[in-house]
Every structure is written in structure tokens, then in C-alpha cells.
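Participant:
Residue numbers (the working numbering), protein chains in the order written: chain A, 60 to 357; chain B, 60 to 357; chain C, 60 to 357; chain D, 60 to 357.
Shown next as C-alpha cells:
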């Protein structure tokens, strides 16, 4: 895998999904070859079940004689030949992706993402952190990132108060038009309208190996069942709780000596890793959603 | 962990579980010290939730001046002091554990266990393999192990025919009084009476990371959900399908390129490992069941 | 990854490596598209250090109107355009790959490979097993595979006796022209002439995570150093001991409680997995060697 | 494993290593039982090679009628009976362990440790961070931790200048008497006198799976060798470079697509995890050093 972010060189990243047929690769690669495009990374996948084709291509910007807008215009013509169902993107690594983080009290994922961005490990700019508590404001600001305190009503405060908070959240996020909205242990269930508005851009980290232990207190559920591994899942948020397309998962071994508190602590290591990987792949345009599943070109 | 099987030396293995209180370790270790017992391995666990205590001790047989029966008699007196709920075992590695394997058509777990036993990796003697198909008979017999073909009626043949087959199975197994009954991809759901008769001795390998994907065709379920890891679970059989105490679990990474057939093939690597670990720990008396969970002294 | 072996469908597998330049993908994919070729799997890699290009393409045989020989002839013309240094293969999954296994006394890798081939997990035909001891002959023959006992002289018997044994080994293997020669814990260091004759076809399993613990008794070396993980390495055999191109590696956790005997036993699980993966990738033409490194299209 | 830090309850942690003999467990557990000590966690290990015994016991402070000093005095008498070579500690979780971090320019381990301490995940107080560059000063201070900028002379500035810097480092650290001195990618080789002064307290993170790739630029070495996994090692610092007792190691999979820059980035995930685990175990008195190896009671 190419570390797009670790190179001075600018890249254009093309993704495409469309019904599968003979000749797609030839069509795209001939188009790029004729333009002089130097492909530095290429992934292909044919799904035999749905008969769908997926690709991701990374091209050196300096190998083309035109810019990203022109590439988009020309590629649109290629994609059009591949049918009305073809879905595609062309992005430019010269324009950094931007993310907004939503947090609550749990700090570990936030600390991890701030550290990674600050160390130049994640090719993303943090536009804002929005928290329903303000305990993490200082450290966010020390990293030079804006923090917005948006208190949420207590459980049981009525639908209206909560609706108002979500409306404000929708405006705060919407004004920034971020490429990624990261629920970094946000602990609030998004209303359907935000799920729809943020479709394909909102990433959640759930602290279990889904589909096991959906919903609240998954470590307690895992402890009660006596599983020997605990996990975490990064997935796109949809209207169905913890049921969106899975981007990444991982697990860690536990044993009979681990209390729920131990699982909570140890699970954080997996939550951090899984969320940061999922976010990286998302902003590097490595994740293509198809139905309720993902193709991840790592 | 001590490879009990890889030593000429004979060991006595003591396990105990009882309500927790101060002084249990002192009581047991003083008893052993006074008898001259050389402890080569010792595991302890206190469960804060249920306030229960668990231990497993391995003693060099040649360090005691008496035999396993006498150790049992003397340890019974110690255990009696620890309350009526105390549950304990004393086993002698000089008397090999014996197992019966139940198989169907899927050969991979059987091949693996035959190979391990033949290579001296697993401290267990295979008394018999019982299969509801006879395709694996030859290779079992080539390993010098008895094979019994016990055909099961086709699905839909009526409860009676199935009941007769299970009755015969119960007799075949019961006559051997095995320490372990291993469902090595047996693909039949045991009736309640066998679950009870074999309680704590029947190990199943389920081809998913439980509690995800209970029941039939777990790899198909995993494929449909788009998980990024698939797993296997070794558990004691109880009357609740795939819900018994978990002994061991593990997972392997899959991606969008893996078809169901790929998952089936790749999952076998995990099934083999998880079942052989679970069986090893069971016959080495490393697994103590408490409620629906296990303490595994690895 | 596509399980080529788990499908009735016949495939042609094309591999190519050559100096990198713009347009290679276009050239190959256009060639295939014009022939009606249905690509079911495609991998590409550009190595920025050596400026070399690698690809592996899997085409449905029934999508072409000609056979493998004709494909070879036509592809040769394409490859010729890519320069004199281009190296390529076209294989046909309708003609099963054949392997010869070399063994000594250690049975675990042999048992594992026999079980996998017998279960249809590995797309390879075992032509023969050659052992310098005969203890494993019976189980090999029970699997319907020829076993040749080729005793090797005792250490210290002089160069000549050993040379004669290796000459005989070379003849036995050479007569079969196998696609893979698997040193399944063979425990003999091949002479340079066999290393050269079998270049790119001889796979060894070394029981350490190379480059740590080259040579004899790697588990003893690992124990002495106090490492917390032990591993195994599958690599192509070259004249430099344990230094050939690495195909696959994996590790397993150990701790202070593991004796050397425990490491030997537990390491076998990793040796089995790593060797069987390496062999699978080799016979599926997934491994392209470049210098002393490999590109593995999994 | 019990999360000592996640409980309000105070614990006394006893560690002991001594020549092995019958009756040690009985002696210690009887001593504790007679004092009313409630053991919440106990680990034992007998090393058959060196015939040495190791234990770690965790006792509820409120179960004893005396304090840590008195426990130390009484335990000293018990340990004295176990021979002159017995080595032991008694620590009190009510007195937090203190650490000093040494850093250079690489920020990822520092960010990770700051985040963990700030989130209450690591039972340690950070007394100071000492850096030979000042780029990380602001974020350290934002976490409320003192930062000392101690510039080191350029390579080639002569032995004297470097000696002066190390002398100052020795004074800065020595004045704090920390329980742990953490070289969080410090990138300087400690002089022998500091290695000796900090023996058993200085933890280094090396960015390879030792003993592979000792010394400079281990990711470059790993890339050149074509390994399929890269790793990191946390070890105690000794006078022999990268050769001290190993506390923890872990690895992550790489493939032919990973450049050195990718390995550097991806390896950070393992460095963070391995260092934070090693530090946790060290400050929880889980690590007992014996010769050049460790016993880790996890």
C-alpha cells in the first residue's frame, strides 16, 4: 500500500464501481495510458454474487498534462460508457480531506486521533471537535483544533430537547461540509435525518466484534457470555443501529482473569486501532460501499 | 505452560473450585508441602463477581510417597474443610485420557486430530471414531484407530429413526466411558439426554465466532454480513444449541475478495487450531466450568 | 482471493514481471479484452525502488476461443513488446500442479499436507514423498501416495556417501519434474547443484521468524534469548542457508512458562500453517520472485 | 488480570524470586493467611532450567491489620528463610509509581503515553518529559507535565560534549528518583554509567522484532530482507545495545506493497502498543528479571 500522505508527490485517486463486463479494465487503463498517466497503485475486484466491478487507481498528478477538474470531465465520459449504474469519484491528494469529530466523555479515541493527525500519520485535517461535554476542550485546543461544546439533554428530557440538540449538531457539521464525520465514542444515536444527510461520510466505532453485542454495554455482554476475544468494529452509520457497512474489525484476547473493567481498558487498544484504520482508508478513498458491504482496497 | 505429555515424568493434576475465602491457598499448599509434594505448575483465580475460587496444581508423582488413590483420599479431607460446594478432581498423567471422535463428511478436523495424536502432540488416546458416513473409515484405520459407521436417517425421516440412531450412538460411546467426546464437525444436534449424559465431556467446534452466527451455515451468514474476520469456537455441548461454556475461540482475517467457498476453506485453519487447543486443555484438566463460563489455566 | 481449486471452472493464470513504464496494464488488458477474456482476478504491483512492474491475472478459460497453448503463443508477442527483461508464465488450472515432499522423522507438516490434499484444500497432486527414514511410509501410502525410503548417511560418514544420497535424491525428484519440491522439515542442507536445479521450485519451512535464529535448533535459540513470540518462515531454497526469498511468515505468542519442548510443540502449529499457505500460493502462481524478495498476490 | 488501577481499593503487591524448593508457596500463603491477607491475584512460576522460583501476589490492603512498612518488615523475615539469594519487593498501590519520559523528535509514543495517562489507563504519574528537541514541549505542558529541553550535541561533536549532555540527563532524572525511565524513541545510546544507574528501571522501545534488525534503521533492514511481518520490542536497557531482557514484543503484517515509509508508519501502531504494555507491566510490578530474561505475570 502506498502511503499517499508520506510523499511530496501529488496523486489523483480514481474509484469506480459498475456492473461487471469484459473490457472495463482495458477501457480505463487505455484511457489513462493515452493521457500519459502513471499508475502507482491499482486495485480491482469482481464480485461474482452481484456481478459488480470495483476499481481504485492512483495516478501521479505530474504524469498528466491536465488538472483534476479536467481529469474528472474526461473520466466522466469513460464512466458513461460503462452504464447508467456506474458510480465514480476522482479526488486530488493536493486538497486535504477534512474531518469533524464527535465526542462525549471517553477520551481515548480522541487522544489517539489528535496524536496521529499531529504526527502527520493521518492524511486529514481536523476542522472541529464537537463534544456534548467540555472536559476534552483544552487538549483539543492545545492541538490547534476548534472545540465546540454542544450539551445534550439528560436521558428522559423529552424528544423535543434532544431534537433541538441534534438540529444544532446538524448545522454545525453541515456548515463545514466535511469529508468524514467521526463518532469517536460519541454515545448518542443519530436521528434518521442525520444518518441520511451524512450517508457514506459518518464513521462509528462500536466496541464489540459486530454482529455480536449490538447496542449498549457490549463489554458487559461479552463478559457475561464468557467469550475469549473481544473486538471493535468501525462501520458507516445507517439508520439501523450498529448494522451499517463494516469497514474494519479487530480483536484482542481476554481470559477468565479479565473483569469488565479490564475489558473496557484493554478494548480501548482495539477501538483506537480499528477507528484510525477505518478513517485512514475512508479518507484515502479506499472504501467502496456496495449494498450493506464494503470493498476495501488496502 | 508445562508440556505434561512431553516428559517421561508422571504428574498428579489437582483441580479445585469452591467459595472464596482467606486461607485456601495456604491450606492446599501446606497439605502438599507436608507431603513433600513438588509443585511444578500452579494456577489460581478468584472471581470477584461470584466470589468463587479456582485452582489447578500439578505435582511430580515421584515427590510423594503415596499413589494417586491415596492422594485422592487425603485431598478429599482437605476439600471437605472448604465447604460442601467444593468441587475437585485428582488425575494421574500416567493413565492416559481417552477420547471418542464423532464425525460426518468434513474431514479436516479429523485429519488434524489423527495427525496430532499420531505425532504425540496431544496427550490423549483415541478409542474410536464414529461416523455417520464411511468415507473416512480407511484413513482412521490406517492410524490404528477403530472406526464405527453409524448411518443417520435422512432429514425428514421421522423422529423415531433419528432417536434410534442416537440411542445406538449413546451406547457406543457409553460403553467406552471416554474422558472426551469430540464433535469434530459432526453436524448433528445432540438430543437432551445425550447432552446431559455427556455433560462436561462433550466438546463441539462451531465454525463461527460465537455468539455471532449461531446455527446452520455460519460462513454464509458471515459473508452476508460483510464481517472482516471469521472465527471458530470450541465449547462444551449443552442443551442450548451453540450456547454452552466457551473453551477457546480464534479468528482469521478475510476481505471482500473472499467468497463463501474461500471462507469455508480458510475457516478450516481456525477450526483445526481451536478444536485441538480446546481438546488439549480439556484432557490436561486445564478447564474448570463455572456456570456458563470457563476458567482455563493455560 | 478466489479459490481457484474450489470451482469446477477452468482458469488460465498469467503472471508477468518487467521494467515499469506507462501503458503496460492497458497493453495486457486490451489484449485480453480483444480476445473476449473474462478476468476474474487481477493483481498489480509497481515497485518504486527497482522500478519494476508485476501482475497476475486470472482468466476464465471458457471466455477465450482458443486453448492455453495458443494463449501462450499470443501472450509471448505481448510480452516481447515489454522488453527483453520481461518474464512471464501462463498456466492452466485444468492441469493440476504436482509436488514432491521431502521428509525426515518430524511428521507434523507431512500429516498436515496429506490431510489438506486429501480434503481437497490444496490444488496440488502429491507425486511422491521421499523420506530419509521410513517411519512415515505407512501413513503416506494409506493416502494413496508413493513413498520412497532414501536413507542418508550418518553425520560424519564422509562427503562421498552424502553426495551419493543427494545424487539419488536429485534423480528421484528430477524424473518427476514436479512444480514444487517441499522440504517438509527435511533437516538436510541441500548441495548447491540441487539448489540451482530446483531454483524457484524448492520451498523450505524454517522453524523461526527469519532472519532471527538461522541454522540449527532455532527454538533453543529463541528460548535462550527470551523472545515473547516464536515464528516460522516459508522461503525458497537458495545456496545461502535460510536466506532465500521469503514467501510467508507467522508467529505465535509464548511466555516464560514455555519450555523448549513447549515451543517445539506450539511452533508446529505455525509451521503447518505457514508451509501450507506458502505451498498454496506457489502452486496457484501467486508468488513472483524479484531479487531476493517476493511479490505475493494473495 | 486485575486492573489494579481501576479500583478504589488499595493493594499491596509482593514479588519474590529465589532458588526453588518444596514448601515456598506454603510458607508465603501461610504467612499471608495468618495475617488475614486476602489474595486477589497470584502468579507462580518455577523455572526448570535454573531451578528458580518466582511469585507475585496481590493482597487487599484492608484485609491486613498493619501497613505496608510493617508488611515489608514481616515479609523480610519470611524471605530470609528462603535463602540469601532471595530477592523481593513489597509495593503499595496507594503510592503511585512515577515515570520520566525521554524523547527526541518522533512524537507517536509520547502522544500515546500522554493520552493513556490522561485517560487514567496507565497507573503512573508522569514527573517529567525530557527532550533533546523542543518541538513537543507545548503538547506535554498542555497535559500538565513538565518539559525539559536538553539539547544533545550534533553527531561528531566529540565525546566530551555528549558526555556533558548525558551527565546533565543523569542529574535531571536522578533528582526525581523515578520508578520508570522510558526511552520513548529517544534515539540516543545511553552511556554505561547511566545503564548501570538505571538498571531495571529504564525501558526502551526498539522498532524491530528483536533479535532481528539490531541497531539503526530497522525498518530499512526489514524492507531489504523482505520479511512479511514487522515488529517492536520493549526491553530493559543494558550496556549491550538492544540486547537487554525483553518485556514484550508484537508484530504486524506487511506485504510487498509496503514501502519503507509505510513500514515506518504502520510500525508505529505496534511500537505504541508494545511500549504501553511494557510500561504498564513494569509499574504494576508484573515483570521479574532473571539473568537476561523476564518473567511477566500478566
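Glycine included, each C-beta is placed from N, C-alpha and C at the ideal position.
1) Tell me residue 373(D)'s beta-bridge partners as DSSP assigns them.
2) Quick one, which residues of the segment 144 to 166 of chain C are near chain B if we go by CB-CB under 9 Å, in chain order?
3) If you measure beta-carbon to beta-carbon, which residues of the segment 122 to 133 of chain D are closer than 7 Å to chain C?
4) Could you check what DSSP says for residue 150(B) in three-state terms: helix, strand or coil?
5) Find the residues of chain B that neighbour residue 310(A), judging by a C-beta separation of less than 7 Å, and give them in chain order.
6) Helix, strand or coil for residue 64(D) per DSSP?
7) Run down chain D in chain order and give the residues with a C-beta less than 9 Å from the C-beta of residue 342(B).
8) For a test of the three-state rule: what should DSSP assign to residue 268(B), helix, strand or coil?
9) State the Cα-Cα distance for the pair residue 330(C) and residue 196(D), rounded to the nearest angstrom.
10) For chain D, check one thing: does any of its Cβ atoms lie closer than 9 Å to the Cβ of residue 100(A)?
11) Closer than 8 Å between beta carbons: that is the criterion. Which residues of the segment 170 to 204 of chain C meet it against chain B?
12) Compare the beta carbon distance of residue 269(D) and residue 257(D) with 9 Å and say whether it is the shorter of the two.
13) Is it buried or exposed, residue 124(C), if we count other Cβ atoms within 10 angstroms and call 16 or more buried?
14) For residue 84(C), would you say it is in contact with chain A, using Cβ-to-Cβ distances shorter than 9 Å as the test?
15) Between residue 334(C) and the rest of its own chain, which residues show a CB-CB distance below 6 Å, the 5 nearest in sequence each way excluded?
16) Can a CB atom of chain C be found closer than 9 Å to the CB of residue 277(D)?
17) Using a Cβ-Cβ distance under 9 Å, would residue 271(A) count as near chain B?
18) Quick one: is residue 307(C) near chain A, going by C-beta distance under 9 Å?
19) Give me the Cα-Cα distance between residue 160(B) and residue 173(B), rounded to the nearest whole angstrom.
20) Counting only Cβ pairs nearer than 9 Å, list the residues of chain D close to residue 355(C).
21) With the cut-off set at 9 Å, would you say residue 307(C) and residue 337(C) are in Cβ contact?
22) What residues of chain D sit near residue 334(A), judged by a beta carbon separation below 7 Å?
23) Quick check on residue 304(B): buried or exposed, where buried means 16 or more other Cβ atoms within 10 Å of its Cβ?
24) Does the beta carbon of residue 91(D) come closer than 9 Å to any beta carbon on chain B?
25) So, using beta-carbon positions, are residue 90(B) and residue 119(B) closer together than 9 Å?
26) Can residue 83(C) and residue 147(C) be called in contact, C-beta distance under 9 Å?
27) Pull the bridge partners of residue 103(B) from the DSSP assignment, please.
28) Would the segment 178 to 193 of chain B count as touching the segment 227 to 237 of chain B if we require 3 or more Cβ pairs under 8 Å?
29) Please name the residue in 156(C), 317(C) and 352(C) whose C-alpha comes closest to that of residue 108(D).
30) Tell me the rounded alpha-carbon separation between residue 162(A) and residue 127(A).
31) Mapping DSSP to helix, strand and coil, what is residue 191(A)?
32) Against chain D, does residue 66(C) count as a neighbour if the rule is that its beta carbon must be under 9 Å from one of theirs?
33) Determine, using beta carbons only, whether residue 215(D) and residue 288(C) come nearer to each other than 9 Å.
34) Counting pairs of Cβ atoms below 8 Å between the segment 274 to 285 of chain A and the segment 337 to 356 of chain A, do you hit three or more?
35) Could you tell me which chain G residues have their CB closer than 7 Å to the CB of residue 70(A), listed as they occur along the chain?
36) Taking the continuous beta strand (DSSP E) assigned at residue 354(A), which residues delimit it?
Facilitator: In short:
1) Summary: the structure shown does not reach residue 373(D), with chain D confined to residues 60 through 357, and so no result is reported for it.
2) Here the close residues are 165 and 166.
3) none
4) strand
5) 288 and 310
6) For residue 64(D), the pLDDT reaches just 42, beneath the cut-off of 50, and the residue's location in the model is therefore unreliable, although a value from the coordinates is still provided. Residue 64(D): helix per DSSP, three-state reduction.
7) Going along chain D, no residue has its Cβ under 9 Å from residue 342(B), so there is no contact; the nearest lies around 22 Å.
8) coil
9) 47 Å
10) yes
11) Along the segment 170 to 204 of chain C, going in chain order, the ones with a CB nearer than 8 Å to a CB of chain B are 170, 171, 173, 174, 175, 177, 178, 180, 197, 198, 201 and 202.
12) no
13) exposed
14) yes
15) 168, 264 and 293
16) Not an interface residue.
17) yes
18) For residue 307(C), the answer is no, since every Cβ of chain A falls outside 9 Å of its Cβ.
19) 10 Å
20) Correct list: 287, 314 and 315.
21) yes
22) Those within 7 Å of residue 334(A) in chain D number zero; the least Cβ separation is about 12 Å.
23) Under a 10 Å Cβ-count criterion, residue 304(B) is classified as buried, with 16 or more other Cβ atoms of the shown protein chains found around its own Cβ.
24) yes
25) no
26) Contact flag unset, no.
27) Under the DSSP definition of a beta bridge, residue 103(B) partners with 114(B).
28) Below 8 Å, enough C-beta pairs join the segment 178 to 193 of chain B and the segment 227 to 237 of chain B to call them touching: three or more.
29) 317(C)
30) 34 Å
31) coil
32) Reliability fails at residue 66(C), whose pLDDT of 40 lies under 50, so the model's placement of it is uncertain and no value is given.
33) no
34) no
35) Absence of chain G from the displayed structure is noted, the protein chains being A, B, C and D.
36) 352 to 355
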